[in-house]
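First the structure, in the form of structure tokens, and then the observations on it.
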Amino acid sequence: MGSQTLFEKIWNQHVVREEPDGTTLLYIDRHLVHEVTSPQAFEGLRLAGRTPRRAGAALAVPDHNVPTTDRKQGISDPMSALQISTLENNCAEFGISYFGMEDIRQGIVHVIGPEQGLTLPGMTIVCGDSHTSTHGAFGALAFGIGTSEVEHVLATQCLVQKRPKTMEIRVEGTLPDYCSPKDVILAIIGRIGIGGGIGQVVEYTGSVIRSFSMEGRMTLCNMSIEAGARAGLVSPDEKTVAYVKGRPLTPKGEMFEQASQAWLDLKTDQGATFDNLVELRGENIPPQVTWGTNPGMVTDVNGTVPNPADIADEKLRLATQRALDYMGLQPGIPVCDIQLDRVFIGSCTNSRIEDLRVAAKYVQGKRVSGKVKAMVVPGSGLVKQQAEEEGLDRVFRAAGFEWREPGCSMCLAMNADVLTPGERCASTSNRNFEGRQGKGGRTHLVSPAMAAAAAVAGHFVDIRDWA
Amino acid sequence: MQAFTTVSGIVAPLDRADVDTDQIIPKQYLKTIARTGLKEGLFADWRQQSDGTPNPDFFSNQSRYQEASILLTRDNFGCGSSREHAPWALLDYGIRSILAPSFADIFYNNCFQNGILPVVLTAQEIQTIFDRVLSKETYQITVDLPEQVVLLPEGERYAFTVDSFRKDCMVKGLDGIGLTLKHESAISDYETRRSQEAPWLFQNSTT
Ligand code: SF4
């Protein structure tokens, strides 16, 4: 076999059979399950009289609907309560591991997979959730699927796939101080567009990517889907092995040694080629802020909101105008003049311990602006516990932030955490679509540092010259 | 799954690029544990104006598109969330085929699981159909999957490509899981081999 990319290596290791036309039966190692996209899949199994092929390959957790206030009160919305009890019952019936709402290990599905050591390099990982791309940070081929395919994986541990194309996104140089993986991925999406990665698996390479911690790589890979990509990958290195080691579900002893050898071999060979290449320089990436209604509508913190009058292309002009109308923004105003009502620090993009540490640094000893309502929603019970041990909860509370229980929360506002129409929010989540955080709500995507500083100032600030 | 061979019907225009699945069906409709009855949620936030009255500009509120079975739209349709509720809602409304210059991957795939045919045409072909739909009431076209062609009443034939395996499943209305289970012995052989090569992949998720 000639030179191969990391993607090709993982793919080839998982081919169960391949038809002459390239249709491939691909083996799936891990399956994460949550309450919103699974009930119809379990129902399908029942109707067909099927059972999971490998129940032990799956792990289920409720995250989208769970309340982030006192869990002892239960769930007030009967529909949400039913969806969660349905998941619990399905897992009991089919023998699937389940972390319930009161379990300290409960959290956002893409936070707990890596945290538990369920996510390992070289795996194929799926979940009925588009942000499954997060797990690519470990050099695992991880992608989102629909509910029919959730059922397919439960029943067969396989998926029928065609080999996607590949794209290398190389970020060389060094990142300016105060810039984060979130800024890098937003800049990438701004560059290639929200459809730029369609049909492709992205591998992120270059010195800037290498310098990221595992949590930073998760933030990066998480938003691969916002560029339209099927999945994002970072090849495993010593950081990956160190992160994985000793977690509850990672291999132990000699098996760990054997596994880590295999993991460190998982890299793109010299001379292997990608279908597409995109290059960015780290030096050129300042903090990013989205101004519009998709993640590609993004600019630098010291930039301005676009003016449709300056846009020649008619379709783009109309789309820009429409986004500005929805967002309630004047054309051409500086990003730092945008005034905020809410700040949300959380989501599978930015709710891990490093995110909370960075945000706390900007908040320490300060007060949230009087006109802003701010909240922190840790990604899991264990992240929350760790933050509390470090005293981060006290920093946030003292500044006027609410400190909540873990879950998806206002990333998609399926529970009680919702923007009211017209409210404007700086959010560390991944989607600024119309109504995403509540009907009529206006979302600006930023890094944890940018969100924390904005909470204090009441508007966006350039954190590079803000103290 | 409902088989798909040929669908002839009224075309509904949705002249926007990058329509995400949060718009196709907003989150408040995702709390269901069923896959039917979702048309209530289809484009729920776009169908209404902010005061709750129907948006007269939206296709579903216009009598000429009431019987539409084909949706015409722009690039990157179905981006964002993987929710299969999006194709379920479209199907529940009566949409059997969607024409666009490009689709988001997960949505595209989800359509095939539900007997909805997503058809990629060139931007120019899509524009031509938009022009015709807007200028003629009850404009109807035919989407022919076996022949892989979109037929316009004026005589144009727009060929499209589709994966042969997917096409076969759609035309025959096959159960994908049943097909995979025919390869049970290949799956078992794979598992036996891999669990020796890389045993850590086969540890159970129970702690
Ligand atoms: S945090 Fe948001 S993006 Fe992540 S899984 Fe939950 S709803 Fe989806």
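Sequences listed follow chains A and B, in order. Note that this note's numbering has the first sequence beginning at 1, numbered continuously upward. Note that this note's numbering has the second sequence beginning at 1001, numbered continuously upward. All residues carry an ideal CB built from backbone N, CA and C; glycine is no exception. A quick note: this is a predicted structure, and the numbers were derived from the prediction, not measured.
Within its chain, find whatever has a CB closer than 7 Å to the CB of residue i; leave out the 5 residues flanking it on each side and keep chain order.
{"i": "residue 88 (chain A)", "result": "98 and 100"}
{"i": "residue 1083 (chain B)", "result": "1021, 1025 and 1030"}
{"i": "residue 188 (chain A)", "result": "169, 227 and 280"}
{"i": "residue 53 (chain A)", "result": "155, 156 and 157"}
{"i": "residue 1123 (chain B)", "result": "1101"}
{"i": "residue 5 (chain A)", "result": "166, 203, 268, 272 and 274"}
{"i": "residue 400 (chain A)", "result": "367, 368 and 374"}
{"i": "residue 22 (chain A)", "result": "162 and 163"}
Between residue i and ligand 1, is the CB less than 8 Å from at least one heavy atom?
{"i": "residue 109 (chain A)", "result": "yes"}
{"i": "residue 419 (chain A)", "result": "no"}
{"i": "residue 430 (chain A)", "result": "yes"}
{"i": "residue 1081 (chain B)", "result": "yes"}
{"i": "residue 493 (chain A)", "result": "The requested residue 493 (chain A) does not occur in the structure, where chain A is confined to residues 1 to 467."}
{"i": "residue 462 (chain A)", "result": "no"}
{"i": "residue 459 (chain A)", "result": "no"}
{"i": "residue 290 (chain A)", "result": "no"}
{"i": "residue 221 (chain A)", "result": "no"}
{"i": "residue 64 (chain A)", "result": "yes"}
{"i": "residue 408 (chain A)", "result": "yes"}
{"i": "residue 329 (chain A)", "result": "no"}
{"i": "residue 347 (chain A)", "result": "yes"}
{"i": "residue 1169 (chain B)", "result": "no"}
{"i": "residue 91 (chain A)", "result": "no"}
{"i": "residue 425 (chain A)", "result": "no"}
{"i": "residue 412 (chain A)", "result": "yes"}
Leaving aside the five residues before and after residue i along the sequence, list all residues of the same chain whose C-beta is less than 8 Å from its C-beta, in chain order.
{"i": "residue 40 (chain A)", "result": "147 and 151"}
{"i": "residue 1276 (chain B)", "result": "In this structure chain B extends from 1001 to 1207, so residue 1276 (chain B) is not present and cannot be described."}
{"i": "residue 335 (chain A)", "result": "289, 291, 299, 300, 301, 302, 303, 304, 305 and 460"}
{"i": "residue 116 (chain A)", "result": "59, 105, 247, 248 and 249"}
Identify the residues that DSSP records as bridge partners of residue i: which are they?
{"i": "residue 277 (chain A)", "result": "A:168"}
{"i": "residue 143 (chain A)", "result": "A:126"}
{"i": "residue 1100 (chain B)", "result": "B:1120"}
{"i": "residue 31 (chain A)", "result": "A:58 and A:126"}
{"i": "residue 1141 (chain B)", "result": "B:1009"}
{"i": "residue 428 (chain A)", "result": "Paired residues: none, contrary to the question."}
{"i": "residue 270 (chain A)", "result": "According to DSSP, residue 270 (chain A) bridges with nothing at all."}
{"i": "residue 231 (chain A)", "result": "A:201"}
{"i": "residue 107 (chain A)", "result": "A:380"}
{"i": "residue 402 (chain A)", "result": "A:375"}
{"i": "residue 1079 (chain B)", "result": "B:1020"}
{"i": "residue 1149 (chain B)", "result": "B:1144 and B:1159"}
{"i": "residue 15 (chain A)", "result": "A:26"}
{"i": "residue 491 (chain A)", "result": "One cannot answer for residue 491 (chain A) here, as it falls past the ends of chain A, which runs 1 to 467."}
{"i": "residue 444 (chain A)", "result": "A:426"}
Return the chain-ordered list of same chain residues with a C-beta closer than 6 Å to the C-beta of residue i, the five sequence neighbours on each side being excluded.
{"i": "residue 218 (chain A)", "result": "134 and 137"}
{"i": "residue 423 (chain A)", "result": "341, 342 and 441"}
{"i": "residue 172 (chain A)", "result": "206 and 207"}
{"i": "residue 201 (chain A)", "result": "7, 164, 166, 230 and 231"}
{"i": "residue 195 (chain A)", "result": "228"}
{"i": "residue 373 (chain A)", "result": "342"}
{"i": "residue 1132 (chain B)", "result": "1139"}
{"i": "residue 1045 (chain B)", "result": "1026"}
{"i": "residue 414 (chain A)", "result": "64 and 65"}
{"i": "residue 446 (chain A)", "result": "289 and 426"}
{"i": "residue 12 (chain A)", "result": "none"}
In chain D, which residues lie less than 7 Å from residue i when you measure between Cβ atoms?
{"i": "residue 129 (chain A)", "result": "Chain labels in this structure do not include chain D; the protein chains are A and B."}
*Give, in chain order, every residue of the segment 421-441 of chain A whose Cβ lies closer than 9 Å to some Cβ of chain B.*
421, 431, 433, 434, 435, 436, 439 and 440
*Compile a chain-ordered list of the residues in the segment 1061-1084 of chain B whose CB is closer than 9 Å to at least one CB of chain A.*
1074, 1075, 1076, 1079, 1080, 1081, 1082, 1083 and 1084
*Going along the segment 1031-1056 of chain B in order, which residues come within less than 8 Å of chain A, judged by CB to CB distance?*
1031, 1032, 1033, 1034, 1035, 1045 and 1050
_Near-chain B residues of the segment 281-296 of chain A - C-beta to any C-beta below 7 Å_ = 294
*alpha helix (DSSP H) runs contained entirely in the segment 344-395 of chain A, provided each spans 4 or more residues*: 353-363 and 381-389
*Tell me the start and end of each unbroken alpha helix (DSSP H) in the segment 1011-1061 of chain B that is at least 4 residues and wholly inside, in chain order.*
1021-1024 and 1044-1047
*Complete runs of the beta strand (DSSP E) confined to the segment 285-348 of chain A [at least 3 residues]*: 288-290, 298-300 and 342-345
*What residues in the segment 101-125 of chain A have a beta carbon less than 8 Å from any beta carbon of chain B?*
116, 118, 120, 122 and 123
_By the 8 Å beta-carbon criterion, what residues does the segment 79-93 of chain A contribute toward chain B?_
79, 80, 82, 83 and 86
*Note down, in chain order, all residues in the segment 1187-1204 of chain B with a beta-carbon under 9 Å from any beta-carbon belonging to chain A.*
1187, 1189, 1190, 1191, 1194, 1197, 1198, 1199, 1200, 1201, 1202, 1203 and 1204
*Between the segment 1110-1133 of chain B and chain A, which residues of the former have a C-beta closer than 8 Å to a C-beta of the latter?*
1110, 1113 and 1114
*Cβ-based contacts, 9 Å cut-off: residues of the segment 1174-1188 of chain B near chain A*: 1175, 1176, 1177, 1178, 1179, 1180, 1181, 1183, 1184, 1186 and 1187
*Could you please tell me which residues of the segment 340-352 of chain A, in chain order, have their CB closer than 9 Å to any CB of chain B?*
none
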